[in-house]
Structure formats: C-alpha cells, structure tokens
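Asks: Just so it is clear: in the sequence shown, position 588 is 580 by the working numbering, and no numbers are missing.
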Amino acid sequence: MNEPTKNKIIQRMEELTKLINKASYDYYVLDNPTISDKEWDNLYYELLDLEKESGIVLPDSPSKKVGGEVLDKFKKVTHRIKLLSLAKAQSSDEIIDWVTRNQNIYKHQEEYSVEYKFDGLSLSLSYNNGLLQSAQTRGNGIIGEDVTEQVKTIRTVPLKIPYTGEIDIQGEGIIKLSELDKYNKTATEKLKNARNAVAGAIRNLDPKITAKRNLDFFAYNINFCPNKTFKSQEEISNFLNNQGFLTGSFFKKVHNIDELNNIINEIDIKRKNLDFLIDGLVIKINNLKVREELGFTEKFPRWAIAYKFEAEETSTILNDITWQVGRTGKITPVAELDPTELCGVTIKRATLNNYNDIMRKKVKLGDRVFIRRSNDVIPEILSVAETFESSKNITKPINCPCCGAVLEDTDTELYCPNHLGCRTQIVLKLTQFTSRNAMNIEGLSVKTLEQLYDKFDIKTFSDIYKLSSSTLSNLEGFKDKKISNILSSIENSKSVKLSNFIYALGIGNIGIKTAKQLAKHYKSIQNLQKASIPDLIVLDDIAEITANEIYHYLHDKINIEEINELVNNHLNIINESSVNITNDSYFYGKKVVLTGTLKNFTRQKAEEIIESLGGTSSTSVTSQTNIVLVGENAGSKLEKAKKLGIQIMYEDEFLTKIPKN
Ligand code: IVH
-7 MNEPTKNKII QRMEELTKLI NKASYDYYVL DNPTISDKEW DNLYYELLDL
43 EKESGIVLPD SPSKKVGGEV LDKFKKVTHR IKLLSLAKAQ SSDEIIDWVT
93 RNQNIYKHQE EYSVEYKFDG LSLSLSYNNG LLQSAQTRGN GIIGEDVTEQ
143 VKTIRTVPLK IPYTGEIDIQ GEGIIKLSEL DKYNKTATEK LKNARNAVAG
193 AIRNLDPKIT AKRNLDFFAY NINFCPNKTF KSQEEISNFL NNQGFLTGSF
243 FKKVHNIDEL NNIINEIDIK RKNLDFLIDG LVIKINNLKV REELGFTEKF
293 PRWAIAYKFE AEETSTILND ITWQVGRTGK ITPVAELDPT ELCGVTIKRA
343 TLNNYNDIMR KKVKLGDRVF IRRSNDVIPE ILSVAETFES SKNITKPINC
393 PCCGAVLEDT DTELYCPNHL GCRTQIVLKL TQFTSRNAMN IEGLSVKTLE
443 QLYDKFDIKT FSDIYKLSSS TLSNLEGFKD KKISNILSSI ENSKSVKLSN
493 FIYALGIGNI GIKTAKQLAK HYKSIQNLQK ASIPDLIVLD DIAEITANEI
543 YHYLHDKINI EEINELVNNH LNIINESSVN ITNDSYFYGK KVVLTGTLKN
593 FTRQKAEEII ESLGGTSSTS VTSQTNIVLV GENAGSKLEK AKKLGIQIMY
643 EDEFLTKIPK N
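#1: On the criterion of 16 or more Cβ atoms from any shown chain inside 10 Å, does H71 qualify as buried, or is it exposed?
#2: Assuming contact is defined by CB atoms lying nearer than 8 Å, are S615 and L630 in contact in what I supplied?
#3: Assuming contact is defined by CB atoms lying nearer than 8 Å, are A298 and L78 in contact in what I supplied?
#4: Are L238 and I259 touching if we call contact CB-CB under 8 Å?
#5: Between K168 and F268, which are expected to be in contact by the criterion C-beta below 8 Å, what is the C-beta distance as a whole number of angstroms?
#6: Between the Cα of K244 and those of L232, K340, Q225, spot the shortest distance and give me the residue it belongs to.
#7: How far does the beta strand (DSSP E) with Q316 in it reach, from first residue to last?
#8: Check whether the Cβ atoms of L441 and T452 lie closer than 8 Å to each other.
#9: Are the beta-carbon atoms belonging to L334 and A303 less than 8 Å from one another?
#10: How many angstroms separate the CA atom of S577 from the CA atom of N567?
#11: Quick check on DSSP: helix, strand or coil for A189?
#12: Can you have a look at R352 and say buried or exposed, based on whether 16 or more other CB atoms are within 10 angstroms of its CB?
#13: Out of curiosity, what's the CA-to-CA distance linking V62 and A193?
#14: Using a threshold of 7 Å, is the CB atom of Q162 nearer than that to any non-hydrogen atom of ligand 1?
#15: Output the boundary residues of the beta strand (DSSP E) element that contains E107.
#16: Excluding the 5 residues preceding and the 5 following I475 in the sequence, name in chain order all residues of the same chain whose CB lies nearer than 8 Å to its CB.
#17: Who are the near neighbours of W32 in its chain, counting only those whose CB is closer than 6 Å to its CB and skipping five residues on each side?
#18: Measuring alpha carbon to alpha carbon, tell me which of K447, A626, I159, D64 ends up nearest S126.
#19: In the structure shown, what three-state DSSP assignment does Y119 receive?
#20: So, A511 versus L490, is the Cβ gap smaller than 8 Å?
#21: Rounded to the nearest angstrom, what separates N279 and Q235 at their Cα positions?
#22: State buried or exposed for N492, treating a residue as buried only when at least 16 other CB atoms are found within 10 Å of its CB.
#23: Taking 7 Å as the cut-off, is the beta-carbon of A298 closer than that to any non-hydrogen atom of ligand 1?
#24: Can you list, in chain order, the residues of its chain with a C-beta nearer than 8 Å to that of H562? Leave out the 5 residues immediately preceding and following it.
#25: Answer yes or no: the CB of V274 versus the heavy atoms of ligand 1, is any distance below 7 Å?
#26: Among all the DSSP beta bridges, which residues are the ones paired with L334?
#27: Is the distance from the Cβ of V58 to the Cβ of T145 below 8 Å?
#28: Report yes if the C-beta distance between Q128 and L113 is below 8 Å; otherwise report no.
#29: Per the DSSP calculation, E536 is bridged to which residue(s)?
#30: Does the Cβ of S229 lie closer than 7 Å to at least one heavy atom of ligand 1?
The following block contains the structure:
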C-alpha cells in the first residue's frame, strides 16, 4: 500500500472513529441517541473493513470494545497513589458527629457535596496524551490487578479524552439491573447479583466475556493529575462529565445537617427505582483547599464519609447445617454461618426451607452464600455466591435429630412421625398452646414444660388441665406462690376465645391472624371441623397447603379425641363476638404497626381495638403500612416510618379515634 493511500485510509478511519465514538457517547452517556442502529452498523463495518485492509487499528477505535486476546493471568500492579477507602457512618448521628467535628475546626459551615455511593467494582483508569493507557482494580488500595483489556470493553469508558495531561480517574464499574435481567433471561448460568456480576465480568481473563456483559462506569474522583488544579468536587465532577464520563446523574451541594438528612431520606426511598445498585451516599467537603488542610488518617480521608444504607443482603460462609424438629414434626435445616452484620444485627443462623430447597439452590457446606433479611423476618439463604473444591455435599437425614425415629419423607418435606414420643416436638407444641395469643397460661416456660414431660409424662394439651399443686411442687424452684399463680392462670385460661383456641392447637401455617379469620367465619370449633378443603380455600388467607394442614389436623383420630377431651371436660370456648365493623371507622382498611409501649393499653389490647374497627395490625413497617402507632421508647420502626413518610400517630390521638367505652 503506498503512502498516500495509507494516509487517506487513516484519515477516513479517524473520521469514522470520531463519528462512532460520538454516537456511543450520545447513546450511553447522554442517553440521547443521535443516529439509528443501521447507520451505526454501516459506519462500524466500514471501519472494520479499513482496519483489515490497512492492518492498522487506531488507539481509540471502537473495535477495541469487543475485547482482545484471552489473558494467562492478571498482572499485579502497584498504584502510584494509594487508593484510600472511606470512613463509614450508618446512622444520622454518626454523620452529625462528623459534620460537627469539621465545623469545630473551621468555625463556619462548610459546603458538602453529596453523591451516590456506587456498589460495584472500584477501578482506577490512567490516561496520558488523551488515551486510556491502563486500568486497575482497587485491590487492597496499594496493589491492584491490571484489567486494562477488560476495562477497554466497557461502553462508557472513553478510550480517548480531550484532556491530554497525565491523569488517574477513579470510579466504579457497574452493571445496570436491566442489563443483568436481560443477560439472565437467556443465560444458562444465571448471575446472582449485580455486584458479583461486575466483579466476575472484569476479573475474567477473557475480555470478550467482559464486553458481552454490557457494563458501565461511573467516575467520581481524580487521584493523580500533576498538571491541573481543581477548586472543588463540583469542578471535578463537571470536568469528568466534560471528558465523556458518566457521573451518576446525581450531585447535590448541602450546607447543614437538615439538608443532608433530607437528601439521605429522599435517596433511601428513591434508590429502589434506580437501574443500578447504590449502597449509600458519599459526602465530601466540596472545597479542595479545606480538604488539603484536613488531610488523611492512616486509612481514610478526613474530608469525606460514606453514609451506608441498611443492607438487606450480604454473603458469608455456610459452616454447618443443624436439622431441627418443629412443633408439627417437620424437620427443617438451619444454616450455621460465619457471623456477619446485616441490618445492624449479627447474623449467625439462617433458614433453608427443606432438603429440596438445598438441592435447588445447590448449596454445599463451606460455600459462601448470599443471605437476606427483610423486615425483621428470619434471614434466609438466597443462593450460592462462591463454591470451593473443599465444599461438601449436604446429606439428607434419615432419623429425627431429637428422638431418632425414622423420618417420613413426603418428597417435599421430612417429618418425624413420633408425635407422642418426640420430646422437642411435644414441648414446642405445649409452648405454643400456653403462649399469650393461645391459652395465655403464665409461668410454664420451655424449661418447665421439659421438666413436666421428663418427670410426669405431661404431653397432651389436656394433661396441662390435670396438673396439681403436688405435681408442680416437685419441680425445681417451685414454691407455693409460683404454684398458685400457675394454677390460677390455668384456671383463667379455661374461658378462651375461639380464635385463641384455634391458634393454640398449633396447626401448621396457622398464625393468630388466620386463626382469627377462621373463628370469625366458622363461629364454632364444630363448624370448623365440618369444613372441607374447598370450603377452607374460599377464605382470604388460606391457600391449598394451609387448607390441607387444617383439614388433616382436624381429621386425625388422636387430634379429634384430644379436642373432644378439651371441649367436653376442660374448656369453655367463647365464640367470636361478631364485632360491628363499619367503614366509617378511622381504622377501616388501614394497616397499622405498633411500636414502643402505650400507657393505657397492652399491645394485645390495642391490636384488638384496631382490628375490631376494621383495621389490621402487623409487626413490620413497609411501604404498605398506613399508620405507625407510637408509644414510649419507640425505636427503629418510628425512624423507618419517618423515612417512608408514613402517618405517625401518638397515643393521645389514638384515644380520640377509638370509641369510648
Ligand atoms: S470517593 C478517597 N465517591 O466507596 C476516597 N468513592 O468505601 C475516594 N465509592 O473504594 C473515593 N461511590 O470504591 C468515592 N461517589 C463515590 C463513590 C465511592 C462508591 C467507593 C469507592 C471506595 C469505596 C469506599
């Protein structure tokens, strides 16, 4: 190829590269397409042909975005400037402390920038002469891995920028949640969460795989830029934008704690609608001069802090499985975990529903697993984050962990069939029977029930009504007063509302709410005993599994005898008074959560009142909650209600909304 032809080709290649890169920038960064897919294809294929013909590939050619050769291994690289991490705050108090500390130093209000804290993989990109030279993972902040070839494939990493000096730009590799969904729709091995998907895509030796994941990059910091000075974070952010980077579409300046708190609350709610993960906000002192004066601690800059939202998901190692027998004889696996922090509490155990669940999730001992805890429920294992060669299969138990009986396998669940001789099962059944929402018998703790089972063979509900003071006096630490309290509590329990009695039976899946619904509908235990499975399914809260549980429980020969014994010889069951719910009640159709201690009502009484007025009561605050009723010493539920903008009602107001006796 002669020189003039070659020059002409290069000139056209430069034109094409410019056109394509601008089109990609308009599309991915500005979210404002300026050419059609067809036009883009035409330009791109023309460029590929010219590259082939000339054997030349320009350094910022879009053809580099598909990924080059597979690498042998990742080269370790030492960052020229240490990449620091950020101090973390988990509550607004910690943020207030930090702002106050800064103010004490400066004696005036500083201006702060607030940005998203992106939850992906932290990367550092080095540019010189306007071209991307290399890219590294953050690693431990001192040494990272060279992922240049992988990063070059990210559609929102410009291979060429207008600034020609030396510059290191720090930011976060992320995958949009919509891209993750798209990928998972066709993938055989689905990616479990966005953060792992990014790490897996970038720390992958084959850059073509990185390219296929359609990652993005948000830039947030300049670590090294010897020939240019910046005045503020705002200027840095604008500069990064002008160089063609995405910066996350959110940048706010605030001047005091109130403004900061408002933004935190606003974003905590809005973040659920974002198409990428953020796990908090980063608050930085805007003025770079002030930053310089504040400097750094060993690990963190003093001029910035990360406010972390409450995480609902994390990962940890599964060490062991404990098989537990429950009240109904069902055997459930409980995961023993390496302790980890989630939503402000230490999690050591989580549930896996049953053996099938273990098989479906392909969980092995020693694996790192994802766990989630939402709204106060017991944490559960979602899936495997990482498995190891040393991980071991979990075996299905054959015998009951408590009594050793051979388990019944229904294909979905394992059951201990020894209902009359399995200590744990019986004690749990009696514990539920005596509990507050059931027969409300005070003084019979699990320990006492265990002793009663061990020493006096107390194992059925009706056995409780045969307890005498001489039997109880044989138990450790049982003196006259305690014994008479228990006996009078047993006596009081004999008059019981139908809903409490249904709940006391301990039928699988029947909580107090469903028991109330059954009581309201059937009006007597005899009517309930006559209900067929299709009859039961008609009720709101009852699906086929629960209907089956109720039906089989009430048609079991031993259970029938026990209910007859209780009804005929011990109890006076009061059928649910038909409460007169009218839709002009203030609480009609409203979901109410109670938090703290009320002065005039027990929690149970307050819940009864709300329900009698057509409302429902629940224990956790969600966006579905209508009212949070607040007593003394209210805690996190009140804070959450404020965050979600839910109506807050104090006891004084509550008193005005309920009928006077
Ligand atoms: S600034 C010297 N800004 O959070 C501090 N970091 O826990 C430079 N991160 O390793 C970082 N979003 O990977 C900064 N808007 C943001 C950020 C952010 C996410 C990450 C970053 C850092 C980690 C600290």
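By construction, the Cβ of each residue, glycine as well, lies at the ideal position given by its N, Cα and C atoms.
Replies: Let me spell this out:
#1: buried
#2: no
#3: yes
#4: no
#5: About 5 Å separates the two Cβ atoms, so the contact holds.
#6: Distances from the CA of K244 to each of L232, K340, Q225 were compared; the closest alpha carbon is that of Q225.
#7: 305 to 317
#8: Their beta carbons are not under 8 Å apart, which means L441 does not touch T452 by this criterion.
#9: yes
#10: 24 Å
#11: helix
#12: exposed
#13: Cα to Cα, V62 sits roughly 13 Å from A193.
#14: yes
#15: E107 -> beta strand (DSSP E) spans 104 to 110.
#16: S461, L464, S465
#17: A15
#18: I159
#19: Looking at Y119 - three-state DSSP - the assignment turns out to be strand.
#20: yes
#21: 21 Å
#22: buried
#23: yes
#24: S454, Y457, K486
#25: yes
#26: V337
#27: yes
#28: Cβ atoms of Q128 and L113: not closer than 8 Å.
#29: In DSSP, E536 forms no bridge with anything.
#30: no
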